[in-house]
Each structure stands twice: as structure tokens, then as C-alpha cells.
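In the numbering used here, the protein residues as written are 125 to 219.
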């Protein structure tokens, strides 16, 4: 399956339809869109950290959820009501 949206198009969509993910500035960004996949980066702020400087589970889960959404819309086009139906994460060591 080949993507139908570019990184720039996905960023524009997120900024217009999901501005809440950028409330404190852009901390999430799409770094790659390729056949059947997408990658994103989180540049954590202080509020995303736990004691000891590790990134919090909720911040990592939000990144995983948005990345799954980006992978879907990058391949099917802009469908604002597409949703994640199931996502699970297991932390086996500190992030």
C-alpha cells in the first residue's frame, strides 16, 4: 500500500483539524511516511517527564496513538473521523 499524503500534507491536516496536539507548541512531528508505515518524533517538554527524566507513559501512548492515526490517513487520505479502535502498550523498561 502506497501513501497518498506527504509529510507536509499530514502536518497541515493535523494543524487545522487537531490543533490540540500542539497546545504547548509542536512537540510531535511526522518524520517519515512510507509504504505501509509512518514514523513520528516526540520532543518532550518538562510536563512529559517523570522523576528521573524518563518520558511518561501517557506521553508515549499519545505519540503511539497519533502515529497510528497518521499511518492510516497517510494511506487512505484525509478522513477526519477515522479512529483508533484498539491500541495496547507494554513498558518492559524505562523509556
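Virtual Cβ for every residue (Gly too), placed ideally from N, Cα, C.
These numbers come from a predicted model, not from an experiment.
- If you look at residue 191, you'll find it in the alpha helix (DSSP H) that goes 181 to 200.
- Two segments are said to touch when three or more pairs of C-beta atoms, one from each, lie closer than 8 Å; by this definition the region 151 to 161 touches the region 127 to 135.
- The Cβ atoms of residue 183 and residue 199 do not sit closer than 8 Å to each other.
- For residue 139, there is no enclosing beta strand (DSSP E); the enclosing alpha helix (DSSP H) covers residues 131 to 141.
- In the three-state scheme derived from DSSP, where H, G and I count as helix and E and B as strand, residue 217 is classed as coil.
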